[in-house]
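Below is one structure, written out as structure tokens; the observations come after it.
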């Protein structure tokens, strides 16, 4: 539509019904016209079958259902993160094919177009069982974005043999997402074991001085393994998108 | 120049040497072409005689002198804030007419065009003598941007009669900038005395638990006088620009 | 009444029944007599039809209803902010004409005198849908204080074309209130697009490391766009009053 | 009893049944024997009719009732602070004469001996109505400890005339307790108005950047009025005891 | 002078040359006239021989000398705190009788009038030798304000017998100032040993996690001894003024 | 099993069916093979009858019951910490012999093998009654790990005679665990009274500025008694394991 | 050498001079033997011509020169980051071919083997000129690790047209490193413009409330553009290694 | 002496020259008399040849020399920590036999009595070379207190094979002190490898978000290896004393 507007404008310049000076002024005052039809990333995203994402926190079940239904009607895929518990049943009732992941608090409905597959496997590594909800959020998001996922679970550094035993799995991954609460030490060890990109996710798991994830967040930012990058506390979704940026490059 | 680029493009559409589809594509991929000649604010800034601003912190005397000279050669005014002590002499040597304010750590060279005058007077109010460097930075910036400035000095709330005695001065101001360290309580009192906009500036003055300005910053953000707004610690420059946005509306 | 007290005192000086020395002492010990009848701002506020404001947080429904009723009986307008959910029904029952805004958690009853209109429109801009409750609080407050309001919604910087598409709306505003959680980056972009005063409001929206609004608060205080000012976290009311100080100058 | 122990020991030294060397050793290894009967403060406290204090937070209604009953049976006075809501009824049922203060979350049962009266009046000053629960806790504690209390309510600095109007009341107090949330500015103003000791109490009242009382706490510690002292957030009890230490000196 | 102004005004009312209405208006618009001659605290301070105080931090030697000389010329006493090292010699040269305390970084020149003596002795207690500079600042200030001072030094709680050995000295004090860095635990012990007012001063002494005094500050605010009050980090001056408010009540 | 794998590999080297070079490569890629059968600590732990530990926070009753049952079936002992209230009944129903400690929120089922006894007694010292839940968690853990426990309760430093009266008990302990909230001062006093190892546990008990245990945590880290070590906030379990590392050395 | 150890052991198994059981035990107790020759990443790093890295902060010029010389003698490349100013001349004297970058505080000596080239170009984007030292550190590191680098400088969001004008450059990059201080808002905008991986680096540039980089760090962690990852404050080196992990995958 | 005082008192009770009641009173008012001769720990410390410790930070060279000389004259050993650089030469000149450790900033003069030897070896483990100064402080302190020390250096977890290669050394230690900056992850790994007590020391080494040691401090407090205890930032001395409490039990 917007694109039509500019096309019209150019058409009128071509047929002489609009002076160049006026066209120039019009364009100057509508810079986003040009931007609007140039958001290639979004179009590419759609072409690649990426789902639209609804951040469920702070939304009512009704709001989530309504937004989700409208997306589904267009045939697009959709992913709900931080799905509130009381929205699960209404959403599943409205969109029968939707896949609910209770642990990861996600809902995923694939679109008509399958997601373009990323290159390689993304390993999702967790230090302890309490980190699993964040891992699930990451894994569901990765799959929805067209990635193969492998799991390496409960390999915290206090029993260092556990992560060493999974070294081959880690070495085969194109990207490694490492999820840990408490001391957040696991990414430093993993970052030294593999040469692939490592994305660290702190979780809000732990005793008082973990300060809801601040402790592992700082640990990861200060990782002695060079080249480890970090996302927000409990943000499995963000880590998955970051990994998918790499596998789809 | 950039504007010329778009004009050329339109010219080629007008004379038929460029197809509309191709023009459309070109515009889509150069969204900032349109933006580049549309940054009216900047042009207006120049038309109004506003100086260009150099943030001196972390720059060498040589760098500052070089940048300043290049601006001055174009006949534009310039304002240096956070001027390092060892840059004063070189700068004054290079640009003889420049006005140095040692306390405020500023240098100001008016441009060929005088700054457009703002409406009304801006009052710069300080709680204690240690807040004066920040007040000077604000006052010099205000003057450079075309504002009348009045000073109300050393009226901290521990001697409440001091600020009450200056109530008339405060009431006459179009905007009031209130600068305070330590407890940062003055803006709350001033905000209750006047109906004009009040901009609060915390300073890094005080004993240990002031935490380099964190204490007055929090005080001001929590002001019980409704409608007080806050800028960064020691940021007299920012407060002056905010005030000037109001007086030049 | 208080004014009468001073008048009496002066009367007695005039008719010789009170010595000057004694009058002097009396005045010295009652400084607020003079202040009490000199609080022009308050009177002006009343003359201008400004409502009285009740901060509802931490008050019981009964307390809110009682205070509101007493104000309404005098014919004054009133605004309740942070209205607790369980106070909505009792309040609406007691004061039938009162306008409840569920999203903004406000209640507004206009006074007999209409509010004096401010100059120009205040734009209320939000980065995401989760910022809407704060925007509503600001919008209702602005209207109650006699301001025209325009809305620019869901224009977060991750899709920069969205805010650029609304550039004209922003450019037309006398004051721009920008509300954002998470990274709080929007005010920096808006501050560069407009020359009008920009008031930034951080919200407590986001993942763990947003620390209930601390992250966007710091972002906004450090805005690279000069002259952006900041209010407290989630304080749409404060931003509205600050804007209204500008439009009523 | 413990005192008896030492008396016995001395008796046995006196009658020769215990050697001096052995007595010396016994005393060396039981240093608190001597301390135990030397805790004059406690005895004086009892002599002065001070109540025993129960900190109710985190205790069950049963625990509170049991402790309170045991104290009451000895004829001692008792004061419960932070009384949980569900403990009010059981406690009032068990000890019919006990005075419940719902706002201050206290319960007070005077002892057989009246509290020794302190010298002068303690003024309890609040900035806003939300500070009243803390003020009540202070006032009840003060009364229980034998102090006269005067109230100065809702005199926050945003309307500076309010506190000035109560200047005489403030000037008459032996000690002034100033309670404020949000910007915590009131103690700085009061500290400049009176020469008596000023004890500041920050409250956890306010918008997000008050950080549950951290903001007014820092404000008060940085008060520009010399000689203002500070107690913990919401700690009306502590301020009252501090004041009572002064009035009972 | 200001007082003269009001007297004139009243005189003109008395002799009929000023109408009551006009006098009323004049007083209404000059509320601080009345305040100006009513700042009894200041006058009393002068009558009592209290010195004027110069906070030396951030002032040049020249500025300090100039201010000090002007005060001395009026015959007033003066106290400089946080005296910069390079200001010692110039100041001693300019005002020969001034007493320099190198450890406490103070300079004191008694006024013509001796300070009115406070009631009782103020004990200044330190946990370790590193706390002595703050203790000196407190002691010099106390003496300058007319107080008797006793010292209890190096009685940190890690050797609990040290403070217990000085229990009598502590018990005899009218006010106890307790100064401690590191764990800041001493005020809790002292607060349990004496019934007099206890003022705690945290110092910026200690290893990394003392965070420049934050650790002992929090310790003292959370003292389990009821009624301990706290001043700013390293603020020996503030503690002394607080104590003097008590001894001069 | 893993050990078998390496044995096979060596066997094949011995009988010539595997070349040394290939064996070298295989070992290089399976480093954890060697580690897997070398986790002596774990085996020793089992030999010593140590229980397996389940951290109950964030787990459902079902999950806890299932894990606990599987451990119990192997005849191992088990310890649940942070047992959620709604898991108590199901767990007690499933494993009849399990010992529930409601205050400490623990469940303990001894294994077939009794725990190897540690040398000496571990004293568990608390400052106030609110610290008891953490003390219980420590005491139950200590007993489960084979330690004798003595209790010293409610000996906070505000009544210093209380801890001095228990000096002998403290002096007899092999390790002293000191648990305190609020000012966290007790470990500094205890650390000066005994020469045994002292482990300090901050608790989340106290008024606002205790910041959920941050205040006592900092106090303890800054203890003026040399050689006091610290564990996480409310982490009675961690302190007990640390003590048990010492008694089992 | 270590590898030789295991080879010897296997040889002795092969020739029967070592029993399998004993070999098993030896391997069990020397798990790192196997690890030592299995650190493939390091070997690959060497094969790929990666330099060895010396973190210069806190090292003396002598130490740096000695370490650097020893590496250079083996023909390996080396990179010094955070090179102290007083180490520049000695290092350049000792290793004549070394390339010093004064702004980025780096020294680089390429090894005999050229670094294996990564795929694609890494864009290094800065918000302001004060971010350049960090950008230089990143750029030198990237080049040393075998990456093509493109620069996009001074495109802070306050002048949004600047970054939009460079959109094509950004779109062509395989990885984008975005460096910003103050509000740290740039990565959020860039993250919305490109689909490639975005690594954000906060810098310690800005006024007081930037808190040495804490403000932009939090901004970036909370980026509203999904999939932005973050490294430590001022850590250009870490961002470059993270980018190189991606381009060498 | 003090002991003599009590003996006298008892003597007078024994010979009838002092009544029991009066003796009782005397003891009540001199509780520390009894304590003074009961500080067994101190006496034992002296018997065991422990040195007296001087914390050098914030002391002048003169002060340090004077204190050290006085101790040395009594034949006691002494240990200076945090020895200022400018005190090294004067101290070495005054006490020729004293051993200076420049890296650890310590000076040690053994006493006439050799220190009683602790049981077993204390391992001092560091993650990186920047942690060595803290390690030296710990090692010198350990030796001065009579402990055998083994070193394990530069075994940070980013190259996990390094620490695994030293596993035997770690397993042989009676106590393990683990020193690390940046991510502080090493104690979690070591805590899982050994069953001995592990004492973690965070150092102030690292990029910006290490916040002068706060990051590794939090990491260590949240260690996922149960039973790791923590001391203050950079406090090698404290860790050594804690270890020595264990080896001397």
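Residue numbers (our numbering), protein chains in the order written: chain A, 8 to 256; chain B, 8 to 256; chain C, 8 to 256; chain D, 8 to 256; chain E, 8 to 256; chain F, 8 to 256; chain G, 8 to 256; chain H, 8 to 256. Even glycine gets a Cβ: it sits at the ideal position worked out from N, Cα and C.
Check: First through last residue of the alpha helix (DSSP H) which encompasses residue 75 of chain E; Outcome: 68 to 80
Check: Contact list for residue 17 of chain A against chain J, beta-carbon separation under 7 Å; Outcome: In summary, chain J is missing from the structure at hand, where the protein chains are A, B, C, D, E, F, G and H.
Check: Whole runs of the beta strand (DSSP E) within the region 99 to 138 of chain F, excluding any shorter than 3 residues; Outcome: 106 to 108, 113 to 116 and 128 to 133
Check: CB of residue 301 of chain H within 8 Å of CB of residue 227 of chain A, strictly; Outcome: Not covered by the structure: residue 301 of chain H. The range shown for chain H is 8 to 256.
Check: Under 9 Å by beta carbon: chain F residues contacting residue 211 of chain D; Outcome: 215
Check: Contact list for residue 190 of chain G against chain H, beta-carbon separation under 9 Å; Outcome: Within 9 Å Cβ-Cβ: nothing; residue 190 of chain G doesn't reach chain H, min ~16 Å.
Check: Unbroken stretches of the beta strand (DSSP E), 3 residues or longer, contained in the region 138 to 201 of chain E; Outcome: 155 to 159 and 182 to 187
Check: Separation of residue 239 of chain B from residue 198 of chain C, as counted between CA atoms; Outcome: 15 Å
Check: Per-residue burial, residue 143 of chain E [other beta carbons within 10 Å of its own, 16 or more giving buried]; Outcome: buried
Check: Extent of the continuous alpha helix (DSSP H) run through residue 248 of chain B; Outcome: 243 to 254
Check: Distance, residue 162 of chain A Cα to residue 172 of chain H Cα; Outcome: 20 Å
Check: Exposed unless 16 or more other CB atoms sit within 10 angstroms - verdict on residue 45 of chain B; Outcome: The predicted position of residue 45 of chain B is uncertain, since its pLDDT is 30 and thus under 50; a value taken from the coordinates is nonetheless stated next. The residue in question, residue 45 of chain B, is buried, as its Cβ has 16 or more Cβ neighbours within 10 Å.
Check: Coil, strand or helix - residue 235 of chain E by DSSP; Outcome: strand
Check: Nearest neighbour of residue 206 of chain F, chosen from H:246, H:168 and H:224 [CA to CA]; Outcome: H:246
Check: Per-residue contacts from residue 177 of chain B into chain C (C-beta, under 9 Å); Outcome: Per Cβ cutoff of 9 Å: no residues; residue 177 of chain B is ~11 Å from chain C at best.
Check: Sub-8 Å separation of residue 134 of chain B and residue 225 of chain B beta-carbons; Outcome: no
Check: Contact check, residue 102 of chain E vs residue 79 of chain E, beta carbons under 8 Å; Outcome: yes
Check: Whole-Å CB distance - residue 24 of chain D paired with residue 149 of chain D, under 8 Å assumed; Outcome: Not confirmed; about 52 Å, so no contact.
Check: From F:218, F:27, F:82 and F:114, residue whose alpha carbon lies closest to that of residue 68 of chain F; Outcome: F:114
Check: contact_flag[the region 173 to 187 of chain H, the region 203 to 219 of chain H] where n(CB pairs < 8 Å) is 3 or more; Outcome: yes
Check: When C:108, C:107, C:154 and C:137 are compared against residue 129 of chain C, the one with the closest alpha-carbon; Outcome: C:154
Check: Nearest-angstrom Cβ-Cβ length linking residue 88 of chain B and residue 244 of chain B, presumed shorter than 8 Å; Outcome: 5 Å
Check: Any C-beta of chain H under 8 Å from that of residue 229 of chain A; Outcome: yes
Check: Cross-chain neighbours of residue 220 of chain A in chain C, by beta carbon under 8 Å; Outcome: 215 and 216
Check: Under 8 Å between C-beta atoms of residue 195 of chain H and residue 176 of chain H; Outcome: no
Check: Integer Cβ distance of residue 222 of chain A from residue 213 of chain A, believed to fall under 8 Å; Outcome: 7 Å
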